[in-house]
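Undergrad:
Residue numbers (the numbering used here): 29 to 186.
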């Protein structure tokens, strides 16, 4: 009995993997981009990134939250214990409760990166649907978003 041909070994699988890796910006490219924008030496930027990584680890070990305004928030979390299926061994294994890390981009970063759809990308599906309904109601009212903002400010809602 032969093994099933896995997707990652086919031409299509290799193409998809290459497309995925082309979307990544690695550390060397980040260093080069920062050097272009700031005029600093690449070695100085590399050292700064190494120090930043150490600071992130230290903050998480202290069970504190790292907050970079208008960029992101990194916080320690507790991942509850659960059963997981391991396809290699075809067994269900219990993974004990352990610490994890949650990284959340700021709303302003998402809006700057993706425009009006940025906030929708951050929201859960049900929240995004609610936001869509509100947007449709605003459009149907015939008022501009600026008029709504002024009206809500006058009423003390915002």
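Think of the CB as a built atom: it goes at the ideal place given N, C-alpha and C, for glycine as much as any other residue.
Given the structure is predicted, the values throughout are model-derived calculations rather than measurements.
DSSP state of residue 104, grouped into three classes?
TA: Start at 1 with the first residue of the chain shown, and residue 104 comes out as number 76. Of the three classes helix, strand and coil, the one that applies to residue 104 here is strand, per DSSP.
Undergrad: Within its chain, find whatever has a CB closer than 6 Å to the CB of residue 121; leave out the 5 residues flanking it on each side and keep chain order.
TA: The sequence position of residue 121 within the chain shown is 93, counting from 1. Cβ neighbours of residue 121 beyond the five flanking positions: 112, 114.
Undergrad: Could you tell me the distance, in whole angstroms, from the CA atom of residue 91 to the CA atom of residue 84?
TA: Reading the chain shown from its first residue, position 63 is the one you call residue 91. Reading the chain shown from its first residue, position 56 is the one you call residue 84. Rounded to the nearest angstrom, the two C-alpha atoms are 11 Å apart.
Undergrad: From the DSSP output, read off the bridge partner residues of residue 96.
TA: In the chain shown, the residue the question calls residue 96 occupies position 68. The partner list for residue 96 (beta bridge, DSSP) reads 100.
Undergrad: Let me check understanding here. Comparing Cα to Cα, which of 103, 177, 49, 170 lies closest to residue 132?
TA: Within the chain shown, the letter at position 104 stands for residue 132. Of the candidates 103, 177, 49, 170, the one whose C-alpha sits nearest the C-alpha of residue 132 is 103.
Undergrad: Where do the N-terminal and C-terminal ends of the beta strand (DSSP E) with residue 140 fall, by residue?
TA: Along the chain shown, read from residue 1 onward, the residue named residue 140 stands at position 112. It is not in any beta strand (DSSP E) - residue 140 instead sits in the alpha helix (DSSP H) that spans 135–142.
Undergrad: What separation, rounded to the nearest whole angstrom, lies between the Cα atoms of residue 126 and residue 179?
TA: Position 98 of the chain shown holds residue 126. Position 151 of the chain shown holds residue 179. The alpha-carbon atoms of residue 126 and residue 179 are separated by roughly 48 Å.
Undergrad: How should residue 59 be labelled, buried or exposed, when 16 other C-beta atoms within 10 angstroms of its C-beta is the threshold for buried?
TA: Mapped onto the chain shown, residue 59 falls at position 31. Buried.
Undergrad: Can you name, in chain order, every residue of its own chain whose Cβ lies under 8 Å from the Cβ of residue 73, other than the five neighbours on each side?
TA: Your numbering for residue 73 matches position 45 in the chain shown. Correct list, in chain order: 59, 62, 63, 66.
Undergrad: Among the residues of its own chain, which have a CB less than 8 Å from the CB of residue 171, if the five just before and after it don't count?
TA: Along the chain shown, one-based indexing puts residue 171 at 143. So the list reads 179, once near-sequence residues are dropped.
Undergrad: Identify every residue that forms a DSSP beta bridge with residue 83.
TA: As a first step, residue 83 is located in the chain shown; it is residue number 55 there, counting from the start. Looking at the DSSP assignment, residue 83 forms no beta bridge with any residue, so it has no partner.
Undergrad: Could you tell me the alpha carbon to alpha carbon distance between residue 135 and residue 163, rounded to whole angstroms?
TA: In the chain shown, the residue the question calls residue 135 occupies position 107. In the chain shown, the residue the question calls residue 163 occupies position 135. Between residue 135 and residue 163, the C-alpha separation is close to 18 Å.
Undergrad: What does a CB cutoff of less than 8 Å around residue 68 pick up in its chain, not counting 5 residues either side in sequence?
TA: Along the chain shown, one-based indexing puts residue 68 at 40. Only 62 meet the Cβ criterion.
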